[in-house]
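Those protein sequences? They're chains A and B, same order as listed. For this note's numbering, count along the first sequence from 1 and bump the result up by 393. For this note's numbering, count along the second sequence from 1 and bump the result up by 393. Where a beta carbon is used, it is the ideal one built from N, C-alpha and C, also for glycine. Each remark here refers to the structure printed beneath this line.
2 protein chains.
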Amino acid sequence: MPEALQPRIKVWVEKDGRLVLSDYRVRLLELIAANGSLADAAAAMGLSYRRAWGKIREIEENLGVKLVHSTVGGPGGGATRLTAEGERLVGQYDRFRRELVKDADAEFGRSFRAD
Amino acid sequence: MPEALQPRIKVWVEKDGRLVLSDYRVRLLELIAANGSLADAAAAMGLSYRRAWGKIREIEENLGVKLVHSTVGGPGGGATRLTAEGERLVGQYDRFRRELVKDADAEFGRSFRAD
């Protein structure tokens, strides 16, 4: 029976008790990075532009850090990209989550299958 | 800024894609063990007796394992206790969760504070 059991985890990051980063929020940031556009990132997540923008502003306020910057106009129209700090946080979060998923499998094996 | 960031995790265990153990469910089992009574355990969690009993039955069905056994009558009235397998699973889950919380702190340190 224990072989069929699977560990599951959800991770997130708080600052002063407030949610700042989660899989969902980081996915929004990653989609902005991939698309160079907040509108496209919002659409890919089924969010309104206004709601996606509000989410980004909320994360920035809670962190006290600018995560995206927008440029206006130019040949291809405006663009929204991650700041260096935004890219760094996304990478840190992804690493944290990825490593902890591995740890969860290992700890689960030690706790549930060691007897 | 990163010093104020805190990792948070939630863990649970599934079998064949179905939730079987979570902090909430294991707390109910631990309260049964501590009180020797499903009624007292349910009351401590603000659950009706019927709902607590249904939760236990659901876990048992999903796991295919008996987790509690009840005795009827006797000088102190009936009692509900964990089976040996129930005690074992509670211990395994607690260890899994405890160790993974430690891992989360360590991984977070490596991912977010290493630069």
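- With a minimum length of 3 residues, the unbroken runs of beta strand (DSSP E) contained wholly in the segment 398-439 of chain B fall at 398-408 and 411-415.
- Taking a Cβ-Cβ threshold of 9 Å, none of the residues of chain A is close to isoleucine 452(B); the smallest such distance is about 12 Å.
- Spanning the alpha carbons of aspartate 409(B) and leucine 456(B) requires a straight line of approximately 10 Å.
- Spanning the alpha carbons of valine 419(A) and leucine 482(A) requires a straight line of approximately 9 Å.
- Interface flag for alanine 497(A) against chain B is set, since a Cβ pair is found closer than 8 Å.
- When 8 Å is used as the limit between beta carbons, serine 430(B) is near no residue of chain A, the shortest such separation being about 27 Å.
- At a cut-off of 8 Å between beta carbons, arginine 488(A) contacts chain B.
- Residues Val483 of the same chain have their beta carbon placed closer than 7 Å to that of glutamate 423(A), with the five preceding and five following residues left out of the count.
- Counting only Cβ-Cβ distances below 8 Å, arginine 401(A) has contacts in chain B at Val404, Trp405, Val406 and Glu407, in chain order.
- Rounded to whole angstroms, the separation of the alpha carbons of glutamine 485(B) and arginine 450(A) is 41 Å.
- At the C-beta level, isoleucine 402(B) and alanine 477(B) stay beyond 8 Å of one another.
- Counting along the chain, the unbroken alpha helix (DSSP H) around valine 483(A) starts and ends at 477-505.
- When beta bridges are read from the DSSP output, arginine 474(B) appears opposite His462(B).
- Each of Phe489(A), Trp446(A), Trp405(A) and Leu412(A) was checked against the Cα of isoleucine 425(A), and the nearest Cα belongs to Trp446(A).
- Annotation for glycine 447(B): the continuous alpha helix (DSSP H) segment containing it runs 442-456.
- Straight across, the Cα-Cα distance linking arginine 491(A) with glycine 429(B) is about 41 Å.
- Counting only Cβ-Cβ distances below 8 Å, serine 504(B) has contacts in chain A at Gln485, Tyr486, Arg488, Phe489 and Glu492, in chain order.
- Glutamate 500(B) places its beta carbon 8 Å or farther from that of glutamine 399(A).
- Distance between leucine 440(A) and leucine 412(B), taken at the CA atoms: about 29 Å.
- Going by beta carbons, phenylalanine 489(A) and serine 415(B) fall outside the 8 Å limit.
- In this structure, the straight-line span from the alpha carbon of leucine 460(B) to that of leucine 431(A) is close to 50 Å.
- In this model, tyrosine 417(A) and valine 465(A) are separated by some 27 Å (Cα to Cα).
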